[in-house]
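Q: There's a structure below that I have some questions on.
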Amino acid sequence: MGKRKTTKKQLEALAKGREKQLQNQLRKKSRNPNYKRRPIIRERTNSTNTNHSAVQNQNMKVDFSLFNKLLSIKFFPIEINRAKEKLNFKEVINHIFSKLDYHSKKIHANNSEITEIINYLNRREEKYNQQFTKLRKQIMELKEENEQLKEHMKVLNDNESKDKIQKN
């Protein structure tokens with residue numbers, strides 16, 4: 594027994610099933626399943642064979658309508674303030690620029706705060722250094738005074754001992 598060949602009706606049903614499956618996949622990805630692609634239209638100009646470096650072609654026409662349509666298509670899903678939105682090129686670029694501007698302002702504010710903190714810490718460090726040098730001077734003066742008092746005490750002790758010896 595050989596393999597059964599698929600009938601034309603079965604092939605059509607299979608094609609319809611695949612098309613439905615593709616549409617369901619596109620719906621899940623939030624794309625329009627009924628969107629039909631349009632052929633790209635380009636204008637051609639009639640020009641003679643001349644030296645293009647010497648003569649500018651005045652017949653050139655550029656149609657930006659397709660480009661403008663492309664810019665107006667909303668197919669960038671972005672979450673803004675916890676709400677999903679679809680944006681076109683211009684809106685996405687404006688959104689990105691606004692975010693960059695916001696972040697650059699925050700960075701500038703943080704830099705100014707950091708410089709204020711650094712200046713404050715430098716002033717505190719200078720103040721503490723001055724206090725430390727004053728304390729060091731006082732300690733040195735007290736050490737010298739202590740040495741002088743020790744010497745004075747020795748002299749007094751020596752004098753007392755001499756007085757005791759002379760009395761005896």
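Using the numbering used here, the first residue of the sequence shown is number 594, and each one after it goes up by one. C-beta: ideal position from N, C-alpha, C; glycine also. Here the structure is a predicted model, which is why all the values come from computation and not from measurement.
So, helix, strand or coil for residue 711, using DSSP?
A: Here the question's residue 711 lines up with position 118 in the sequence shown. Helix.
Q: Using 9 Å as the threshold, is the C-beta distance between residue 686 and residue 679 below it?
A: Counting from one through the sequence shown, the residue named residue 686 turns up at place 93. Counting from one through the sequence shown, the residue named residue 679 turns up at place 86. Not closer than 9 Å, so no.
Q: Taking C-beta to C-beta, are residue 673 and residue 688 nearer than 9 Å?
A: Along the sequence shown, read from residue 1 onward, the residue named residue 673 stands at position 80. Along the sequence shown, read from residue 1 onward, the residue named residue 688 stands at position 95. Yes.
Q: Please report the residue range of the alpha helix (DSSP H) in which residue 601 lies.
A: Counting from one through the sequence shown, the residue named residue 601 turns up at place 8. Unbroken alpha helix (DSSP H) run through residue 601: 601 to 621.
Q: Ordered along the chain, which non-local residues of its own chain (more than five positions away) have a Cβ less than 7 Å from that of residue 682?
A: Indexing the sequence shown from 1 puts residue 682 at position 89. Here the set comprises 664.
Q: Which class does residue 755 belong to by DSSP, given the choice of helix, strand or coil?
A: Counting from one through the sequence shown, the residue named residue 755 turns up at place 162. DSSP places residue 755 in helix when its eight states are reduced to three.
Q: Which residues share a DSSP beta bridge with residue 672?
A: Numbered from its first residue, the sequence shown carries residue 672 at position 79. Residue 672 is bridged to 677.
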